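Q: Take this structure, written in structure tokens, and hold onto it; I'll ask about it next.
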Amino acid sequence: GAGVSQSPSNKVTEKGKDVELRCDPISGHTALYWYRQSLGQGLEFLIYFQGNSAPDKSGLPSDRFSAERTGGSVSTLTIQRTQQEDSAVYLCASSPGQDYGYTFGSGTRLTVV
Amino acid sequence: AQTVTQSQPEMSVQEAETVTLSCTYDTSESDYYLFWYKQPPSRQMILVIRQEAYKQQNATENRFSVNFQKAAKSFSLKISDSQLGDAAMYFCAHISNFGNEKLTFGTGTRLTIIP
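Chains as they are written, first to last, in the working numbering: chain G, 97 to 209; chain D, 72 to 186.
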């Protein structure tokens, strides 16, 4: 596709359940990022994939969060045993290089009830 | 680590007027890029303008321009002839050109356009 695609666009889950969020980056973009945005707040970095390098996981808030990127393309962010504080918009972005900025998807709004 | 500061949580401007959003950043490096992103209620982050640190000339994109002061580490966004569609959250961001660095965002400025 022409842009970064994220699914689902909205997800409501019960506390304690696991969720998977998907990101399809722009074809050919070697870098992929996940950010979290709480209501009315800025963007919190979660994880960064660059080509075949080991991902930068320094932003993951706890070991309940994990992400993978298969074949250098699609990425899945998994949150295990969701908590109410995990409620936020999860944004994915991809980039062909650092100087181009990032192209963002429309995000997944996660609500934990 | 780089930090980006946006000291104006909210700004408002009359339609057709000009508004300037402030941004300062902290970095020890000399080669980097700066960006302004717009996030309307649709929550889609849209790249508005980018600036290369090694270029002295201020970037311009139609009604959007920046005032880049490298020594002062300041990167403000000027929106001329404000339109209703400019209402959004605006985020300033920085990325180093060295290594596999990530984009660091400020906390954002909510811009309201008054008809």
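Ideal Cβ placement from N, Cα and C applies to all residues, glycine included.
As the structure is a computational prediction, the values presented were derived from the model and not from experiment.
Is the number of C-beta pairs between the stretch 104-115 of chain G and the stretch 158-178 of chain G that are closer than 8 Å three or more?
A: yes
Q: Could you pull the DSSP bridge partners for D/Glu50 from this structure?
A: Absent from the model: residue 50 of chain D. The displayed extent of chain D is 72 to 186, so no value can be given.
Q: Residues of chain D with a CB under 8 Å from the CB of G/Gly138: which are they?
A: Phe162, Phe176, Gly177, Thr178, Gly179
Q: Identify, in the order they occur along the chain, each residue of the same chain with its Cβ nearer than 6 Å to the Cβ of D/Lys144, setting aside the five sequence neighbours on each side.
A: Thr95, Tyr96
Q: Which residues, in chain order, does the stretch 176-203 of chain G contribute to contact with chain D at a C-beta distance below 9 Å?
A: Val185, Leu187, Ala189, Ser191, Gln194, Asp195, Tyr196, Gly197, Tyr198, Thr199, Phe200, Gly201, Ser202, Gly203
Q: State the Cα-Cα distance for the pair D/Glu132 and G/Ser162, rounded to the nearest angstrom.
A: 38 Å
Q: Are G/Ser158 and G/Arg165 close, meaning C-beta to C-beta below 8 Å?
A: Annotated as distal: G/Ser158 and G/Arg165, with beta-carbon spacing of 8 Å or more.
Q: Quick check on the burial criterion: 16 or more other C-beta atoms within 10 angstroms. Buried or exposed for G/Gly197?
A: buried
Q: Check whether the stretch 124-138 of chain D and the stretch 183-193 of chain G touch, using three or more Cβ-Cβ pairs below 8 Å as the test.
A: no
Q: Can D/Ala124 and D/Ser101 be called in contact, C-beta distance under 8 Å?
A: yes
Q: Which residue wins for smallest C-alpha separation from G/Ser101, given the options G/Lys107, G/Thr109, G/Ile122, G/Val108?
A: G/Ile122
Q: With 16 as the cutoff for other CB atoms within 10 Å, does D/Lys126 come out buried or exposed?
A: A residue is called buried once 16 or more other Cβ atoms fall within 10 Å of its Cβ, and D/Lys126, having fewer, is exposed.
Q: Note down, in chain order, every chain D residue with its Cβ under 9 Å from the Cβ of G/Phe141.
A: Lys173, Leu174, Thr175, Phe176
Q: Counting only runs of 4+ residues fully inside the stretch 125-149 of chain G, write out the alpha helix (DSSP H) ranges in chain order.
A: none
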